[in-house]
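Numbering (the UniProt record's numbering), first residue to last: 1 to 274. Presented below is the structure to which this report refers.
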């Protein structure tokens with residue numbers, strides 16, 4: 001409560017509360033105390049005050065954080081006064097005159113909340129997310145020992161692999177959801193043969209009209225001069241369309257190390273935007 005007969009007004013603009021003190025032209029007669037309220041009414045009013053205080057503090061602090069780095073000391077002094085005022089309005093020890101003053105302040109805050117433009121995106125994190133944004137697509141394949149055929153396409157064990165929104169058949173991964181993917185492949189070679197280059201490639205098949213086109217995405221080499229192991233690794237971001245098929249090709253499958261952790265192939269969706 002102010003000792004000097006002055007008037008304090010609240011100036012609310014763009015989510016900011018500022019105190020402005022005006023000097024009265026003459027002394028006013030002291031106001032008559034309002035009629036006493038019942039305990040139930042006071043309790044109900046106090047609960048409403050606490051709720052509005054929480055909302056007001058949240059909105060006010062959210063606005064102040066955005067300009068904290070550029071604010072000067074005088075602005076922060078005003079902030080402290082405002083925050084003390086709001087905190088006092090949320091306390092349990094309020095007389096009738098203080099409650100009336102707080103209710104007036106809260107009405108101004110509520111009017112401010114109604115005027116905030118919806119397109120400013122101040123509280124985007126509180127809005128409901130797009131259902132489509134929650135879609136995931138990933139694959140992590142574990143190697144499988146070949147059955148004796150001469151194919152240079154690596155085979156994968158589906159039972160011990162992980163797939164989500166990605167199809168797998170004939171040792172190829174087929175895309176369900178178009179978007180940007182991170183693709184990776186790791187191939188370990190364990191036999192030395194100087195006459196055969198040790199390389200692995202990631203290939204993509206895509207249907208172009210009635211024809212099925214094929215192109216190289218990644219290629220990695222490995223140098224093995226003894227019986228030690230060497231590992232080649234491919235990885236990168238590629239735009240994939242629904243229906244695209246991916247597979248890993250090697251120069252000589254008999255030189256591949258078929259341990260589960262030594263040779264892998266996979267991908268995961270990064271962004272669905274076109």
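From the three backbone atoms N, C-alpha and C, an ideal C-beta is built for every residue, glycine too. All of these numbers come straight from a predicted model, not from anything done at the bench.
message = Can you confirm whether the stretch 141 to 156 touches the stretch 229 to 242 when touching is taken to mean that 3 or more C-beta pairs between the two stretches lie within less than 8 angstroms?
response = Output reads no: the stretch 141 to 156 does not touch the stretch 229 to 242.
query = What is the residue span of the beta strand (DSSP E) that residue 158 lies within?
reply = Boundaries of the beta strand (DSSP E) harbouring residue 158: 156 to 164, taken from the DSSP string.
task = Reducing DSSP to helix, strand and coil, say where residue 185 ends up.
result = DSSP places residue 185 in strand when its eight states are reduced to three.
ask   = From this set, 262, 205, 189 and 218, which residue's C-alpha is nearest residue 229's C-alpha?
value = Nearest C-alpha to residue 229: 189.
Contact under 8 angstroms by Cβ, residue 247 with residue 171 = It is a contact, given that the beta carbons lie within the stated cut-off.
key: N- and C-terminal bounds of the beta strand (DSSP E) containing residue 138   = Element bounds for residue 138: 138 to 143.
request  = Could you name the residues that DSSP lists as bridge partners for residue 209?
outcome  = DSSP output for residue 209 lists no bridge partner at all.
ask   = Cα separation between residue 260 and residue 187?
value = CA-to-CA, the gap between residue 260 and residue 187 works out to about 11 angstroms.
Close-in-space but distant-in-sequence residues of the same chain around residue 231 (CB under 8 angstroms, 5 per side omitted) = These residues qualify, in order along the chain: 186, 187, 188, 189, 222 and 262.
key: CB-CB length for residue 235 against residue 183, believed under 8 angstroms   = Confirmed, about 7 angstroms.
inquiry  = Just to confirm before moving on: does the CB-CB distance between residue 203 and residue 216 stay below 8 angstroms?
reply    = Contact flag set, yes.
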